[in-house]
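**Q** Please read through the structure below; I'll follow up with questions.
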Amino acid sequence: MNIILLGAPGAGKGTQAEVMCKELGIPTISTGNMLRAAVKAGTEYGLKAKAAMDAGALVSDDIVIGILKDRIAEPDAQNGFILDGFPRTVPQAEALDNMGVQIDKVIELAVEDEKIKSRLSGRRVCLDCGATYHVVTKAPKVEGVCDVCGKELVIRKDDEPATVISRLETYHKTTAPLVDYYSKQGKLVTVHGTDSVAETNDLVLAALKG
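Per the numbering used here, numbering of the sequence shown is gapless, rising by one per residue and ending at 232.
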């Protein structure tokens, strides 16, 4: 089964992707993570993507599609995959269709903007091992210190308040139209994200089976 996860930044797509990955036994393909890895490594794609990512804007289609083409050709994706972070625009969705990739279901995680702002402003990340925390819902044992490796926790540039607002504006302008795009194809299922991760998990799994 090939699945697309839609939702604004901070809607919880990463968590739900993990739940579906475990349930279905297929990989999650997060273009966001791949791009951040490219930025950290200083690759050609990473250098081109860095300015856009720092500003909360969209990375150009040619960079994202180039990375994605290579990834879905790998052996572990031949029985299905979960796309988290792609497509982000209608032209990208059309490009996906033109690649001959069959999408079976599109799950939209709907969360109010104010909740998203609260979630992201409290997020802290370890740049060394990648562990993620939240000052309210998943606080580290020692403030500002990673439980896993003991390194310093930081606020990612794209979690800073001004960038979050910019990212949400970009989402509503360029990504939200995908809801209508996939709804017309009869593939869209909307799940309203709740404050309870477990409850949202159950709703997503029910959507998969529906």
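Each residue gets a CB set at the ideal place from its N, CA and C atoms; glycine is no exception.
Run through DSSP, which three-state label would ILE125 get?
**A** Three-state DSSP puts ILE125 in coil, outside helix and strand.
**Q** Taking the CB atoms as reference points, tell me whether ASP126 and ASN24 lie closer together than 8 Å.
**A** Their beta carbons are under 8 Å apart, which means ASP126 touches ASN24 by this criterion.
**Q** Name the one or two DSSP bridge partners that GLU174 has.
**A** The partner list for GLU174 (beta bridge, DSSP) reads VAL167.
**Q** Compare the C-beta of LYS163 with all C-beta atoms of chain D and state if any pair is closer than 8 Å.
**A** The structure shown contains no chain D; it holds only a single protein chain.
**Q** When you compare each of ASP76, LYS72, PRO113, THR53 to ASP92 by their alpha carbons, which one comes out closest?
**A** Comparing Cα positions, the closest option is THR53.
**Q** Can you give me the Cβ contacts of PRO109 inside the same chain, cut-off strictly under 6 Å, excluding the 5 residues immediately before and after it?
**A** Around PRO109: ALA115, LEU118.
**Q** Suppose contacts are defined by Cβ-Cβ distances below 8 Å. Is SER143 in contact with ASP180 by that definition?
**A** No, these two residues do not count as a Cβ contact at 8 Å.
**Q** Please name the residue or residues paired with ASN24 in a DSSP beta bridge.
**A** DSSP, once it has assigned bridges, lists PHE103 as partnering ASN24.
**Q** Can you say whether ILE104 is buried or exposed, counting buried as having 16 or more other CB atoms within 10 angstroms of its CB?
**A** ILE104 comes out buried.
**Q** Got a sec? Which residues, its chain only, sit under 6 Å from MET121 by beta carbon, not counting five neighbours each side?
**A** So no residue of the chain qualifies.
**Q** Quick one: Cα of VAL157 to Cα of MET42, how far?
**A** Computed Cα separation, rounded: 26 Å.
**Q** May I have the straight-line CA-CA distance separating ALA33 from LEU131, to the nearest angstrom?
**A** ALA33 and LEU131: Cα-Cα distance of roughly 6 Å.
**Q** Compare the beta carbon distance of ALA229 and VAL211 with 8 Å and say whether it is the shorter of the two.
**A** In this structure, VAL211 lies closer than 8 Å to ALA229 by Cβ.
**Q** Taking the DSSP output, what are the residues bridged to ILE51?
**A** ILE51 is bridged to LEU105.
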